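Report on the following structure.
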Amino acid sequence: LALKYFKSIRTFMVAPGAWPAEIFGEKLSVLVIYHRATLPYHTSLIVVGKFYYIWMHMDELSFLDLGHMIITALLGILTAVRSTVPQLQNYHKLLLKFINVMHLMHSTNKGPYYNQINDTVDKVCSYYTKFSLVIIVFSCSMFNFIPFCNNLANVFIFKTENYTLEFSLYYQYPGIDPSYYFTTTSIYNFYLSYNCAIMVFGLDLILFLIIFQIIGHVYILRYNLENFRWPKNKVVFKLGDILKYKMNESITSEMFDAEENKQVHFKLAECIEHHKEIIGFTDELSALFGPILACTYLFHLVGCSLLLLECSEGGYGAMLRYGPLTVLIYGQLIQMSVIFEMLGSETEKLPDSAYFLPWECMDTSNRRTACIMLHKMQDKISLKALGLAAVGVSTMTGILKTTFS
């Protein structure tokens, strides 16, 4: 938790609950606890207000304005769904296991390669966290800054008559019209955008950091398999004893002796346990995030098409307002798919690494163990959205083709 990228995540994400600091012994204010508990209901109420606004102003909205309303409504629904995840005990248990068990820092004392992989993964996590947080802040700011600039230009510079003030988000309730309270509504809209950014993209950042650590574990497991110990001594076999024929010829082969076979058995058990640990943690991750990833893919299928439509309007205003958001959402889709594909491609190499074992030099018991391990490693480690669609490049390609068409 003293790592800089974890401190950055804590700073940005503790208030909405994406980073539950209380499970690590940190005390939270009553305001933060209340905000987290009410966020799903609060966001759902805003979504209802959006649909009420669309219903009330359907005749007045242009085609592109209607697209904007639908995009923000979809983002609101996705935020409401994702804001339930930090409330779950399974999410807290998963993060505790990630920090206390699965983080590669706990393995640095096992050898120089462990330390090397930990340093490499930490660098990747640090750069990726900085990149993600900058993009989140920039997109959130631009989405709210463009309406503010338009209002400033039309009211104070050009002094346009009968100008209707612009907002980044529109919602309305019976008897309540937030557009009458410009300053308050603008500040409140930025707050809503912040919640959306953290829940939609910040939660994915934590997920991706976990995946990077799992990939590091796969690299270590492959290294241990490919650099397995070999027998120290050679054994001479007489062909006459083996084939039961009168032959004086002999062959020399490398074989583990009894003491070495005991050590081999211990090393094989260690590799199998490591593989089981990776599989078990990935299954927990898939069970928790599977439904969320399915909702995200559904949002990408609809939202990406609408964002491209809004960008097609042209002009600096549309590009500055929707451009960063479009890049961020498409980037989220591509990053999510590529990172999970990396995990799958690395685990596909595990069977080859397992076959590198000097199994021919082991006794019968260890050969059986090696054979069982080789069989277990045939299955590709991957996450699935609702246990159906594999999260990877093929799903991403299908969504990209659909949205562009």
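Residue 1261 in my numbering sits at position 39 of the sequence shown, and the numbers go up by one each step. C-beta atoms are modelled at their ideal positions from N, C-alpha and C, and glycine is treated no differently. The structure presented is a predicted model; accordingly, all values stated were derived computationally and were not measured.
In the same chain as I1268, and ignoring 5 residues on each side of it, the C-beta atoms closer than 7 Å to its own belong to G1298, Y1393, L1414, in chain order.
Under DSSP, I1398 takes part in a beta bridge, and its partners are Y1395. Across the structure, M1477 and Y1577 are spaced so that their CA atoms are roughly 17 Å apart.
Counting C-beta pairs with one atom in each stretch, the region 1433-1451 and the region 1315-1331 have three or more that are closer than 8 Å, which means they touch.
Boundaries of the alpha helix (DSSP H) harbouring G1289: 1285-1304, taken from the DSSP string. Around the Cβ of L1515, a 10 Å sphere holds 16 or more other Cβ atoms; the residue is buried. Sixteen is the threshold: since fewer than 16 other Cβ atoms of the shown chains lie within 10 Å of the Cβ of Q1600, the residue is exposed. Unbroken alpha helix (DSSP H) stretches of 4 residues or longer found wholly inside the region 1234-1290: 1252-1278, given in chain order.
Counting every other CB atom within 10 Å of its CB across the protein chains shown gives C1583 a total of 16 or more, marking it as buried. In the DSSP assignment, T1406 falls within the unbroken alpha helix (DSSP H) covering 1404-1419. Counting every other CB atom within 10 Å of its CB across the protein chains shown gives V1356 a total below 16, marking it as exposed.
Proximity of the region 1549-1567 to the region 1420-1430 meets the contact definition, three or more beta-carbon pairs being nearer than 8 Å. Contact fails between the region 1248-1257 and the region 1300-1318, because fewer than three Cβ pairs, one in each stretch, are under 8 Å apart. Selection S1587, N1366, S1266, E1244 evaluated against A1491 yields S1587 as nearest (Cα-Cα). A straight line joining the alpha-carbon of F1626 with that of L1529 spans about 11 Å.
C-alpha of S1354 to C-alpha of I1368: approximately 21 Å in a straight line. Closest option to G1545, judged by alpha-carbon separation, among S1527, S1361, G1609: S1361. When the five nearest sequence neighbours on each side are left out, the beta carbons in the same chain lying within less than 8 Å of the beta carbon of M1278 are those of Q1394, in order along the chain. Here G1512 has L1605, K1606, A1607, L1608, G1609 as same chain residues with Cβ atoms under 8 Å from its own Cβ, once five neighbours each way along the sequence are excluded. In this structure, DSSP gives K1345 a helical state, which the three-state scheme calls helix. F1562 and K1602 have their C-alpha atoms some 12 Å from each other. Looking at the backbone, the Cα of Y1227 and that of S1475 are separated by about 52 Å.
In this model, I1428 and I1231 are separated by some 8 Å (Cα to Cα). DSSP, reduced to helix, strand and coil, places A1611 within a strand of the structure shown.
Between C1533 and T1518, the CB-CB gap reaches or exceeds 9 Å. A straight line joining the alpha-carbon of A1612 with that of K1456 spans about 48 Å.
For N1588, the enclosing alpha helix (DSSP H) starts and ends at 1586-1598.
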